[in-house]
Amino acid sequence: MLHIKNVHKQFDNGFLALEGINLSIRPGEIVSLVGTSGCGKSTLLRIVAGLDFPTLGEVSIDGEPITGPHPKVGLIFQEARLMPWLRVAENIQFGLSHLSRLDRQERTEAVLRKVHLSNFAEALPRQLSGGMAQRVAIARALVTQPDILLLDEPFSALDAFTRTQLQDHLLEIWEGDYPTLLLVTHDVEEALVLSDRIIVLRPHPGRIHRELRIDLPRPRRRSSLEFQRLKEQLIGELDLSPAVPDLVKLGGVGSGG
Amino acid sequence: MTTTLRHSPSRLSSLPWDRVIPWVVPAGLILLWQILAQVGVINSRILPAPTDVVQAAIRLTLSGELFKHVTISTWRAVVGFLIGGSIGLFFGVLNGVSRPAELLADSSIQMIRNIPHLAMIPLVILWFGIGDEARIFLVALGVLFPIYVNTFYGIRAIDPGLIEMGRVYGLGRRQLFSQVILPGALPSILVGLRYALGNMWLTLIVAETIAASSGIGYMAMNAREFMQTDVVVVAILLYALLGKLADSAVRWLEKVTIAWHPSQKLK
Chain D
13 MLHIKNVHKQ
23 FDNGFLALEG
33 INLSIRPGEI
43 VSLVGTSGCG
53 KSTLLRIVAG
63 LDFPTLGEVS
73 IDGEPITGPH
83 PKVGLIFQEA
93 RLMPWLRVAE
103 NIQFGLSHLS
113 RLDRQERTEA
123 VLRKVHLSNF
133 AEALPRQLSG
143 GMAQRVAIAR
153 ALVTQPDILL
163 LDEPFSALDA
173 FTRTQLQDHL
183 LEIWEGDYPT
193 LLLVTHDVEE
203 ALVLSDRIIV
213 LRPHPGRIHR
223 ELRIDLPRPR
233 RRSSLEFQRL
243 KEQLIGELDL
253 SPAVPDLVKL
263 GGVGSGG
Chain H
2 MTTTLRHSPS
12 RLSSLPWDRV
22 IPWVVPAGLI
32 LLWQILAQVG
42 VINSRILPAP
52 TDVVQAAIRL
62 TLSGELFKHV
72 TISTWRAVVG
82 FLIGGSIGLF
92 FGVLNGVSRP
102 AELLADSSIQ
112 MIRNIPHLAM
122 IPLVILWFGI
132 GDEARIFLVA
142 LGVLFPIYVN
152 TFYGIRAIDP
162 GLIEMGRVYG
172 LGRRQLFSQV
182 ILPGALPSIL
192 VGLRYALGNM
202 WLTLIVAETI
212 AASSGIGYMA
222 MNAREFMQTD
232 VVVVAILLYA
242 LLGKLADSAV
252 RWLEKVTIAW
262 HPSQKLK
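Heads up: the protein sequence lines correspond to chains D and H, in order. Heads up: the first sequence is residues 13 to 269, going by the working numbering. Heads up: the second sequence is residues 2 to 268, going by the working numbering.
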């Protein structure tokens, strides 16, 4: 169980990024944080990851407060962040130095199968496409067998087709052993396709504005009427200023977090 | 050229043309030089024929003189390089990973870097006399800065996302350095190494022609006094050869250590 209790974050320059965030996520749940730029969604994810610290409040996993990167938490960023000098298999084993060689190899083969990249174990990152690199990043996060996966706009750097593919792929992986997924995104469709719950944040300061429960059965059809209705509702909750009306039509909302 | 290749692929493609073609121009120039020297268009005092240069090289080799001078020059180069290179690497790494160290030392190093090191020759002779210490000091000075600058910027240019990845996996400072920072900075360090090796020979040539009683530079200056133009040309060719050897060594090093880098061709 992941608990976020009364988290405030004020940066050194005085900017109040988050105020009074309370959120509990049960094991196996898929939760998305959405909001316009500056709403603090990425900051919140970094705090949960132990890469940043709240000014006030606490994040805990199974009752244990987070003080730094947690071994039971896997991280996937917008960029794949693979070490360019390591081959795919070596990149995946990066955090496994405590295991025996045989264990490492077995686990690596298993996760590579999961992301359909078994033939690329010996490839260098520069030989991979953006989508493949991101799948390696997913495999690297999965290999430590985390209870919680944190994803910071994981597919936003990819083309629309690859993005859709990887979203489906992520669900396929999730249906294997049901890790908790906490996802930051500015893509409304992505949030709707994946999530059990969508947390809408609003900026100045970053606060939880609304929580939407998505009860549609999976796999979800993007073209269904119900999906479209929820999409409209979600866009309505985001409080888009008139400066960005074009983006609404395209299905994306703002950029960055 | 392309049409010829297309018409008779079986015979011509068996030759490694990519390797042959770069040698066509230098070989032609040497041939022209030989002809012009033999018919007397070029005075042998100005430039001896290639065959005379080869003969001089053979003579010097057989007498053991060449070997002696090359050995002593190489020794000076290597010692100076090791001293200057380690100092440059040390400060490059230190200032690269530590902001306080950078604040303290970088601007001073940059100031010294902007002095042409060969301008220090009079001062260096006053300090060390005209012995090997002076030459080694100059070589070390010439090697230090390219290594320093490229190590420093190599470390600073590492993607902060990769360093954060290291933190995510709980790497300690030492592991972070050996597994992320050093491999990430290596391509840049090797660029520095290449510049440093160029500087190394350049500095040594100048230092040996000014005050020395041995070494390739001395051999050339000594030959000049006796109007042995062929020996002077041998000395110049030797520097070219040694420089090329050093460069090939770095290329080989790049091939084995940074095959992953975009500058390297993948098989």
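Cβ atoms here follow ideal geometry from the backbone N, Cα and C, with glycine treated the same way.
Going by DSSP, Thr-79 of chain D is part of no alpha helix (DSSP H) at all; its letter is neither H nor E.
The Cβ-Cβ distance between Thr-192 of chain D and Asp-164 of chain D does not fall below 8 angstroms.
In the three-state scheme derived from DSSP, where H, G and I count as helix and E and B as strand, His-20 of chain D is classed as strand. His-221 of chain D: member of the beta strand (DSSP E) spanning 219–225, first to last residue. Selection H:Thr-230, H:Gly-216, H:Leu-243 evaluated against Ser-74 of chain H yields H:Gly-216 as nearest (Cα-Cα). Across the structure, Val-26 of chain H and Leu-32 of chain H are spaced so that their CA atoms are roughly 10 angstroms apart. Any Cβ of chain D closer than 8 angstroms to the Cβ of Tyr-154 of chain H would place that residue at the interface, and such an atom is absent. Rounded to whole angstroms, the separation of the alpha carbons of Leu-127 of chain H and His-70 of chain H is 25 angstroms. Taking C-beta separations shorter than 6 angstroms and ignoring five residues to either side along the sequence, Leu-183 of chain H has no partners in its chain. Against Gly-162 of chain H, the close residues of chain D are Phe-89, Glu-91, Arg-93, in the order they occur along the chain (beta-carbon pairs closer than 7 angstroms). A Cβ of chain H is located within less than 8 angstroms of the beta carbon of Phe-106 of chain D. Boundaries of the alpha helix (DSSP H) harbouring Ala-203 of chain D: 200–206, taken from the DSSP string.
By the C-beta density criterion, Gly-155 of chain H is buried, having at least 16 other C-beta atoms within 10 angstroms. In the three-state DSSP reduction, Asp-189 of chain D falls in the helix class (H, G or I).
For Leu-67 of chain H, same chain residues with a beta-carbon under 6 angstroms away, outside a window of 5 residues either side, are Leu-61 in chain order. Nearest Cα to Val-192 of chain H within the set H:Trp-253, H:Ser-45, H:Thr-52: H:Trp-253.
In this structure, H:Val-80 is the residue among H:Val-257, H:Ile-47, H:Val-80 with its C-alpha nearest to the C-alpha of Leu-198 of chain H. Gly-218 of chain D places its beta carbon less than 8 angstroms from that of Cys-51 of chain D. With a threshold of 8 angstroms between beta carbons, Pro-77 of chain D makes no contact with chain H. Ranked by Cα distance from Phe-146 of chain H, the options H:Leu-242, H:Gly-86, H:Met-166 are led by H:Gly-86. Annotation: Tyr-190 of chain D to Thr-156 of chain D spans about 14 angstroms, alpha carbon to alpha carbon.
When secondary structure is reduced to three states using DSSP, Val-123 of chain D falls in the helix class. Our two residues, Phe-167 of chain D and Ile-84 of chain H, have alpha carbons roughly 49 angstroms apart in a direct line. For Ala-58 of chain H, the closest alpha carbon among the candidates H:Val-234, H:Ala-247, H:Gly-244 is that of H:Val-234. His-181 of chain D counts as buried, since no fewer than 16 other beta carbons sit within 10 angstroms of its beta carbon. Arg-46 of chain H places its beta carbon 8 angstroms or farther from that of Met-222 of chain H. At the C-beta level, His-82 of chain D and Gly-62 of chain D come within 8 angstroms of one another. The beta carbon of Arg-138 of chain D sits closer than 8 angstroms to some beta carbon of chain H. In this structure, the beta-carbon distance from Leu-187 of chain H to Thr-72 of chain H does not fall below 8 angstroms. One Cα belongs to Pro-51 of chain H, the other to Leu-205 of chain H, and the distance between them is close to 26 angstroms. As the crow flies, the alpha-carbon of Arg-119 of chain D is around 36 angstroms from that of Leu-224 of chain D. Distance check between Ala-203 of chain D and each of D:His-15, D:Ile-88, D:Gly-47 places D:Gly-47 closest, using alpha-carbon atoms only.
Put simply, the segment 121–129 of chain D does not touch the segment 13–21 of chain D. Fewer than three CB pairs are less than 8 angstroms apart. Distances from the CA of Thr-152 of chain H to each of H:Asn-96, H:Glu-134, H:Leu-177 were compared; the closest alpha carbon is that of H:Asn-96. When the five nearest sequence neighbours on each side are left out, the beta carbons in the same chain lying within less than 6 angstroms of the beta carbon of Gly-69 of chain D are those of Lys-17, Asn-18, Val-19, His-20, in order along the chain. When Cβ-Cβ separations below 8 angstroms define contact, Arg-195 of chain H makes no contact with chain D.
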